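Step one of this worksheet: look at the structure below.
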Amino acid sequence: MQSFQKYNVSEFLKDRHPYLDPPFTSNIDPTQVTLAVFFRKIPKLAACLSFENLPFHLRTDALHTLNELVSHQETKDTMIQIGILKSCAELLISESPNVRKEAALLIGGMVTLMQGRNLLIDSEVFPPLQDKLVDSETSVRTAVAWTLKRILISRDGVDRIVETGTVPTMVKAFIKYANSPKRENKDYLIELLEGFINVSQYDNGIEPMLGTGLTKCLIGFLMLGNSLDEADRINELTLNVISNMSANHNGKSEACEGMAIEVVGRFLKKKATNEQRKLAASVIMSVSIALNGKYQAVRCVKEDNPVVLKRLYSLLLTSVKDIRDNAKQCFLNIAELPEGLDKSVIILSKNIPILDEVFGTHCIKSLARLLPKLSSYKNPPNIDQSELPMYQRCIKSLRFLIDKYEQAVNEAIDTVNIAQKLGPFLSESSGVSEDAAHLLKKITSKCSHNKEILRVFIATVADSDIKRNLVRFPGLV
2 MQSFQKYNVS
12 EFLKDRHPYL
22 DPPFTSNIDP
32 TQVTLAVFFR
42 KIPKLAACLS
52 FENLPFHLRT
62 DALHTLNELV
72 SHQETKDTMI
82 QIGILKSCAE
92 LLISESPNVR
102 KEAALLIGGM
112 VTLMQGRNLL
122 IDSEVFPPLQ
132 DKLVDSETSV
142 RTAVAWTLKR
152 ILISRDGVDR
162 IVETGTVPTM
172 VKAFIKYANS
182 PKRENKDYLI
192 ELLEGFINVS
202 QYDNGIEPML
212 GTGLTKCLIG
222 FLMLGNSLDE
232 ADRINELTLN
242 VISNMSANHN
252 GKSEACEGMA
262 IEVVGRFLKK
272 KATNEQRKLA
282 ASVIMSVSIA
292 LNGKYQAVRC
302 VKEDNPVVLK
312 RLYSLLLTSV
322 KDIRDNAKQC
332 FLNIAELPEG
342 LDKSVIILSK
352 NIPILDEVFG
362 THCIKSLARL
372 LPKLSSYKNP
382 PNIDQSELPM
392 YQRCIKSLRF
402 LIDKYEQAVN
412 EAIDTVNIAQ
422 KLGPFLSESS
432 GVSEDAAHLL
442 KKITSKCSHN
452 KEILRVFIAT
462 VADSDIKRNL
472 VRFPGLV
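Under this note's numbering, read the sequence shown as residues 2 to 478, first letter to last.
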């Protein structure tokens, strides 16, 4: 832009920068010169983009320079006003991969402004973006995925992506490259996942993702993603997308069909990151609202142990509030299934304060139900020693809750023959005879029926050990 011909300062400014206001002075203001060059630079570079015979490397340089300038808000606005979005849309179909990449990145730089997003459809940006999302060059499709993610940061951007049918294209692209992930596609898949997180925050964004096979692909990707670098981050992003999608009713159904709880349950382990554990619990929390989800959580067993429930219990032992809250809600959802409540109570009774925090008095009937009926004893009143530790936890939990909550004793009385269930535990060998006697005193003082049942039990079933031990509990019968 500098001339070899000698000019006076006033003439140079007038000729080169006619929009600067006179009077001119021989004292040059460096700020004025800098701004003049700066504002002239963008239109000149923009003009280069439309030169027909400009070599690819020079067009790439022009785009790259504009990308370096686009970080400033005023620069973005200038670029948008002079129509660079339209030029970039046309350059996305260039034969040069470097030109396609730089054009995509420049679009991504401008769409952070509302003015840029408002012109996306009129500038016909979406058709070439959709086409180049599966470009043969990794760097190009990664740049396109990044640009779409930038559009999806805003609510109106989500609406435009949905309106133009771009979501199904993103889904197909992800499925294509995620089913057999390669290291060179790592950044590309990360950009798509981050875009999915943004679009799946809204119902109209989730709808185009359903029925496409994406949920199944994401669940499978959780097992494949570990082969890539940044596996922890990729798994967190994938869990986040599944969590968002499963908030939708149909999304829950797809997650159930894909056995999401079994796969996601692996990220509840202590070796997982806190973010993974929180998101995994969030997925289970959403999916377990559905009946099939409750069954999956309860019946996901390993060597007869309900592994998902045990891992959820371990989350309640952490100090991270979000993780604990998600785990607590998981238990409440699963407990709506009677089988789920009983298995949850068996696990949580290992820590009575946590059992109380999660269920309170709602677990009284379950605790009483878990105690064996007299008719199930092989040799009454001798207690099955293999189940004794669990029975002991149930009785201690019952005592804690009945002592803490006044209405809890009424819940216990509603259990059929509760006095008969507690009777065998009056034996000193049970290890909980004092707790059983304490419970029976409270129950029989309020319920004459249970008092009569206890009297009959002692008269007809109780062995010498129980009768001898009754001396320690005066006033019980």
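Backbone N, C-alpha and C fix where the C-beta goes; we use that ideal spot for every residue, glycine too. Just so you know, these numbers come straight off a predicted model, no measurement behind them.
Spatial neighbours of residue i in its chain, beta-carbon cut-off 6 angstroms, leaving aside the 5 residues before and after
{"i": "Gln3", "result": "Reliability of the predicted coordinates at Gln3 is poor, the pLDDT of 46 falling under 50, and the value obtained from them is presented with this limitation in mind. Correct list: empty, nothing qualifies."}
{"i": "Ser140", "result": "Lys102"}
{"i": "Pro98", "result": "Glu138 and Val141"}
{"i": "Arg456", "result": "Val478"}
{"i": "Ala146", "result": "Tyr189, Glu192 and Leu193"}
Distance between residue j and residue i (C-alpha atoms, nearest Å)
{"i": "Arg161", "j": "Tyr296", "result": "39 angstroms"}
{"i": "Ser137", "j": "Ile85", "result": "25 angstroms"}
{"i": "Gln6", "j": "Ile43", "result": "Per-residue confidence for Gln6 stands at a pLDDT of 48, beneath the threshold of 50, marking its modelled position as unreliable; no derived number is given."}
{"i": "Leu193", "j": "Arg156", "result": "17 angstroms"}
{"i": "Tyr8", "j": "Val200", "result": "At Tyr8 the pLDDT is 43, less than 50, meaning the model places this residue with poor confidence; the figure from the coordinates comes in the next sentence. Straight-line Cα distance between these residues: approximately 57 angstroms."}
{"i": "Thr216", "j": "Val126", "result": "28 angstroms"}
{"i": "Leu316", "j": "Met224", "result": "22 angstroms"}
{"i": "Asn241", "j": "Arg394", "result": "37 angstroms"}
{"i": "Phe474", "j": "Ala463", "result": "15 angstroms"}
{"i": "Asp233", "j": "Lys177", "result": "22 angstroms"}
{"i": "Tyr203", "j": "Asp343", "result": "36 angstroms"}
{"i": "Ile94", "j": "Lys311", "result": "54 angstroms"}
{"i": "Asn275", "j": "Ile324", "result": "8 angstroms"}
{"i": "Ile191", "j": "Asn119", "result": "26 angstroms"}
{"i": "Asn293", "j": "Thr79", "result": "55 angstroms"}
{"i": "Ser169", "j": "Ala144", "result": "Inspection of the sequence shows that residue 169 is occupied by Pro rather than by Ser. If I take the Cα positions, the gap works out to 18 angstroms."}
{"i": "Asp230", "j": "Leu402", "result": "49 angstroms"}
{"i": "Thr213", "j": "Leu219", "result": "11 angstroms"}
{"i": "His1", "j": "Ile467", "result": "There is simply no residue 1 to check, as the chain begins at 2 and stops at 478 in what is shown."}
{"i": "Leu114", "j": "Lys322", "result": "36 angstroms"}
{"i": "Ile454", "j": "Val359", "result": "32 angstroms"}
{"i": "Glu258", "j": "Ile335", "result": "17 angstroms"}
{"i": "Leu70", "j": "Arg151", "result": "17 angstroms"}
{"i": "Ile235", "j": "Leu280", "result": "13 angstroms"}
{"i": "Ser465", "j": "Val472", "result": "12 angstroms"}
{"i": "Leu121", "j": "Lys45", "result": "23 angstroms"}
{"i": "Ser387", "j": "Ser431", "result": "12 angstroms"}
{"i": "Asp385", "j": "Gln277", "result": "41 angstroms"}
{"i": "Ala256", "j": "Ile290", "result": "12 angstroms"}
{"i": "Lys329", "j": "Ile81", "result": "50 angstroms"}
{"i": "Ala179", "j": "Glu164", "result": "25 angstroms"}
{"i": "Leu91", "j": "Cys49", "result": "Position check: residue 91 holds Glu in this sequence, whereas Leu was assumed. The straight-line gap from Cα to Cα measures roughly 13 angstroms."}
Residues near residue i by beta carbon distance below 7 angstroms, same chain, minus five either side
{"i": "Cys89", "result": "Ala104, Leu107 and Ile108"}
{"i": "Ser434", "result": "Phe426, Leu427, Ser428 and Asn470"}
{"i": "Lys87", "result": "Ser124"}
Residue i vs residue j beta-carbon contact at 9 angstroms
{"i": "Ile444", "j": "Ile414", "result": "yes"}
{"i": "Leu423", "j": "Ser398", "result": "no"}
{"i": "Gln349", "j": "Phe332", "result": "Residue 349 is actually Leu in this sequence, not Gln. Yes; because the gap between Cβ atoms is below 9 angstroms, this pair is in contact."}
{"i": "Leu372", "j": "Cys364", "result": "no"}
{"i": "Ile198", "j": "Leu149", "result": "no"}
{"i": "Glu185", "j": "Asn249", "result": "no"}
{"i": "Gly117", "j": "Asn68", "result": "no"}
{"i": "Ala1", "j": "Asn327", "result": "No statement about residue 1 is possible, as the shown extent of the chain runs from 2 to 478 and does not include it."}
{"i": "Leu55", "j": "Ala47", "result": "no"}
{"i": "Gly166", "j": "Gln131", "result": "yes"}
{"i": "Lys442", "j": "Asn411", "result": "no"}
C-beta neighbour in chain B for residue i, strict 9 angstroms
{"i": "Ser387", "result": "Of the chains in the structure shown, none is chain B; there is only one protein chain."}
Span of the alpha helix (DSSP H) around residue i
{"i": "Ile467", "result": "Ser465 to Asn470"}
{"i": "Asn249", "result": "It is not in any alpha helix (DSSP H) - Asn249 carries neither H nor E in the DSSP assignment."}
{"i": "Gln297", "result": "Leu292 to Arg300"}
{"i": "Tyr189", "result": "Lys187 to Val200"}
{"i": "Asp230", "result": "That residue, Asp230, is in no alpha helix (DSSP H); it is neither H nor E in DSSP."}
{"i": "Met111", "result": "Pro98 to Met111"}
{"i": "Asn54", "result": "Looking at the DSSP string, Asn54 is not in any alpha helix (DSSP H), and its letter there is neither H nor E."}
{"i": "His450", "result": "Ser449 to Thr461"}
{"i": "Val159", "result": "Arg156 to Glu164"}
Residues near residue i by beta carbon distance below 8 angstroms, same chain, minus five either side
{"i": "Leu142", "result": "Note that residue 142 corresponds to Arg in the displayed sequence, not to Leu. Result list for Arg142: Lys133, Leu134, Val135, Asp136, Ala174 and Tyr189, in chain order."}
{"i": "Cys301", "result": "Ile262, Glu263, Gly266, Pro307, Val308 and Val309"}
{"i": "Pro182", "result": "Leu190, Phe222, Leu225, Gly226, Ser228 and Leu229"}
{"i": "Lys271", "result": "Ser315"}
{"i": "Lys187", "result": "Leu229, Asp230, Glu231 and Ile235"}
Cβ distance (whole Å) where residue i is taken to contact residue j below 8 angstroms
{"i": "Ala261", "j": "Val288", "result": "6 angstroms"}
{"i": "Ile285", "j": "Val265", "result": "6 angstroms"}
{"i": "Ala438", "j": "Leu477", "result": "6 angstroms"}
{"i": "Leu389", "j": "Pro381", "result": "Contact flag wrong, Cβ pair sits at about 15 angstroms."}
{"i": "Thr66", "j": "Val100", "result": "Their Cβ separation, rounded to whole angstroms, is 13 angstroms, which puts Thr66 and Val100 out of contact at 8 angstroms."}
{"i": "Gly206", "j": "Met171", "result": "About 11 angstroms separates the two Cβ atoms, so there is no contact after all."}
{"i": "Ser247", "j": "Lys253", "result": "5 angstroms"}
{"i": "Ile347", "j": "Met391", "result": "6 angstroms"}
Distance cut-off 8 angstroms: residue i Cβ against heavy atoms of the ligand GTP
{"i": "Ala256", "result": "Among the components of this structure there are no ligands whatsoever, and the ligand GTP is therefore not found."}
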